[in-house]
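Residue numbers (this note's numbering), protein chains in the order written: chain F, 36 to 322; chain L, 4 to 272.
C-beta: ideal position from N, C-alpha, C; glycine also.
Okay, structure first, notes after.
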Amino acid sequence: MTDVPNNGSYNASLEDTVWVEEVAFIDSVPRWIAMTFVFLVFIGTWQLVTSLGMVSPIILPTPWETLQDMIFVGKNLLTGGYMLGSLWITIKEVIYGFALAIAIGFSLGVLVGETAFGEKAVMPYLVAIDTMPKVAFAPLFVAWLGFGIESKVALAAFIATFPIVVGTAAGLHAADDNARMLFKTMGASRWQTLVKMKLPTGLPQIFTGLKIGAVGVMAGAITGEFLGGGKGFGELIRVAASQLNTPRVFSLILYLSFVGLALYLMVQWTQRRLVFWQKETVGRYDG
Amino acid sequence: MSAVLAHDYSGAPVGAPVYELTHVSKTYARNSVIALEDVSLTLRKGSFTSVIGSSGCGKSTLLKIMAGLIPPSKGRVILQEQPVTGPRRDIGMMFQQATLFPWKTAVENIVLPIEIRDGKAAAKKALDKAYELLDIVGLKGFENVYPNELSGGMAQRASICRMLITEPAVLLLDEPFSALDELSRDMMNMELQRICREQNATAFLVTHSIQEAVILSDEIVVMKPRPGRIAEIVEVDLPRPRTLDMMTTPKFGEIVDHIRGQLDKGEDM
């Protein structure tokens, strides 16, 4: 008894009473099962709504029709049909647009984030342009650059540039006073401070900008095709919609989303390799 | 202020003057606030000096001037017979945060000052020395670990190595352990004392803790605010090496009380 002081209430009959931490059900379910569940609920509701005739088939095709059309489009793409050519055009627009946005966005971001002149004199204009509805510039780009892919690249880049500027500028401000003071005491030049400290410190923010840009560049390319014609995937969607071929519209959108997803994942993959020290915040948009 | 000359206790700062400040004042032009007024101070080789005072007493301004980060408005600042006109490699600095860069391993962080000043090749040559330093601070085996995997105390040990890699003549310590818990803090202070003795380093510590100042220092500069000036320079004639037990001795308590009295006189905290 003297071994267990201040514990008089402890006795043998209570020994079996163990307080177990309760685990929430969702914590015990693997992610892929949870995701599949949501997918099935979604598809099930969709099938139900369409097969009960609650919505006109012209407005909303059944999941089955959509899948069949996806197979058709998939075959066309795999056999090098006309759709592959269209998809390739859109992919080129997205890649060129993103590359252009990165080049311009990063340069402007460094100008704005690193120099007092950029912050004072250039930033206000960038903010002003950023608040404009950028899609409205599409007709101008068509007038300047024609109906080819140039006008789509321009719109895509135009939309994607701003998040990259903001991300880069924010990233360059991310270093704390201690790090700045440390670099000063080491006698670092402005260039060294930028390259060896501010840029690496700001990589997470820069990549957040790149991810938002990657989403925007896709939207820009398709909007450009809607408004400026051409032969891209956006044009296929527009034509299918005008023919009330809704299953085709749906399947084309799904294939486009694969392209967008691929671009996003590429950025994320690069981020994970480059910013290996950053803690993962799974499932977050800015992760 | 230059009254400190003869000492008969062991470990006294009997070395030659390393760092000399004469009648240093600093007025910030922006709001014409007098941050420092007529500060004169001499750090001797191998001595440990602390500065203590309430916020606004100008101790961080003083530290920045000593580090060559900002120029004084008046007065002379001389380190190793050379006026300080900017950051120098014979000044080592340490901050409250370890400020290790997460994309570099411990050892890469430590040779960073060399990389900045002399380039990558020189930094590579300094690696051996970095390994040695890591061994001295008890981080053997953590050379190639990234800072994310180090505890707060370990990170501060690594930042001690980074400060020592250029073999600075003076160590400027800006509340280096105040972010640590009290137990690690005491331990790190004893480590710091040992390292300073082994390297015969001249150290200058800014702190908020009277106990910390007394246990580490040969001299304590008590400062008063508005305008920032030296109220008194207190000698600490406890024997060296200091141990944590000394914190319970009457002598220690006496010195702490004396400094607290000085600080209380300096208006509101």
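What are the boundary residues of the beta strand (DSSP E) that includes residue i?
| i | result |
| --- | --- |
| Asp64 (chain F) | Rather than Asp, the amino acid found at residue 64 (chain F) in this sequence is Val. That residue, Val64 (chain F), is in no beta strand (DSSP E); it is neither H nor E in DSSP. |
| Met97 (chain L) | Ile94 to Met97 |
| Arg47 (chain L) | Val36 to Arg47 |
| Ser232 (chain L) | As written in the sequence, residue 232 (chain L) is Arg, which differs from the Ser given in the question. Per DSSP, Arg232 (chain L) belongs to the beta strand (DSSP E) from Arg232 to Glu238. |
| Ser53 (chain L) | Phe51 to Ile55 |
| His26 (chain L) | Pro20 to Tyr31 |
List the endpoints of the continuous alpha helix (DSSP H) containing residue i.
| i | result |
| --- | --- |
| Glu194 (chain L) | Glu185 to Glu201 |
| Tyr299 (chain F) | Thr281 to Leu309 |
| Thr64 (chain L) | Lys62 to Met69 |
| Asp267 (chain L) | Pro253 to Lys268 |
| Gly248 (chain F) | Leu234 to Gly263 |
| Arg273 (chain F) | Phe268 to Ser277 |
In the DSSP assignment, what are the bridge partners of residue i?
| i | result |
| --- | --- |
| Pro86 (chain L) | L:Ile81 |
| Lys227 (chain L) | L:Arg232 |
| Leu142 (chain L) | Partner(s): none; Leu142 (chain L) has no beta bridge. |
| Ala206 (chain L) | L:Phe51 and L:Leu174 |
| Glu222 (chain L) | L:Thr52 and L:Glu238 |
Kindly say whether residue i, judged by its beta-carbon, lies nearer than 8 Å to any beta-carbon of chain L.
| i | result |
| --- | --- |
| Asn213 (chain F) | yes |
| Thr220 (chain F) | yes |
| Met70 (chain F) | no |
| Ala171 (chain F) | no |
| Leu217 (chain F) | yes |
| Trp99 (chain F) | no |
| Ala151 (chain F) | no |
| Ala136 (chain F) | no |
| Trp304 (chain F) | no |
| Ala223 (chain F) | yes |
| Asp321 (chain F) | Legend: pLDDT at Asp321 (chain F) = 42, less than 50; position of this residue unreliable, value from coordinates given subsequently. Chain L, which has no Cβ nearer than 8 Å to the Cβ of Asp321 (chain F), makes this no. |
| Trp312 (chain F) | yes |
| Gln103 (chain F) | no |
| Gln82 (chain F) | no |
Where does residue i land, buried or exposed, given buried means 16+ other C-beta within 10 angstroms?
| i | result |
| --- | --- |
| Asp331 (chain L) | Since the first residue of chain L shown is 4 and the last is 272, residue 331 (chain L) is not available in this structure. |
| Met166 (chain L) | buried |
| Pro65 (chain F) | exposed |
| Gln159 (chain L) | buried |
| Phe60 (chain F) | exposed |
| Asp62 (chain F) | exposed |
| Pro168 (chain F) | exposed |
| Ala216 (chain L) | buried |
| Met301 (chain F) | exposed |
| Ile184 (chain F) | buried |
| Arg245 (chain L) | buried |
| Thr243 (chain F) | buried |
| Ser121 (chain F) | buried |
| Gln278 (chain F) | exposed |
| Gly89 (chain L) | exposed |
| Phe311 (chain F) | exposed |
Compare the C-beta of residue i with all C-beta atoms of chain F and state if any pair is closer than 8 Å.
| i | result |
| --- | --- |
| Tyr149 (chain L) | yes |
| Met69 (chain L) | no |
| Phe104 (chain L) | yes |
| Phe180 (chain L) | no |
| Leu33 (chain L) | Residue identity check: residue 33 (chain L) is Arg in the sequence provided, not Leu. False, the Cβ-Cβ gap to chain F never drops below 8 Å. |
| Arg92 (chain L) | yes |
| Ile119 (chain L) | yes |
| Leu72 (chain L) | yes |
| Gln159 (chain L) | no |
| Pro75 (chain L) | no |
| Phe274 (chain L) | Beyond the ends of chain L as shown, which are 4 and 272, falls residue 274 (chain L); an answer cannot be given. |
| Gln100 (chain L) | yes |
| Pro86 (chain L) | no |
Counting only Cβ pairs nearer than 8 Å, list the residues of chain C close to residue i.
| i | result |
| --- | --- |
| Pro235 (chain F) | In the structure shown, chain C does not exist; the protein chains are F and L. |
Ranges of the alpha helix (DSSP H) found wholly within the region 82-148 of chain F, counting only runs of at least 4: 98-113
Continuous alpha helix (DSSP H) assignments of at least 4 residues falling wholly in the region 102-163 of chain L: 109-113, 115-121, 123-128 and 130-139
Whole beta strand (DSSP E) elements within the region 157-215 of chain F, 3-residue minimum: none
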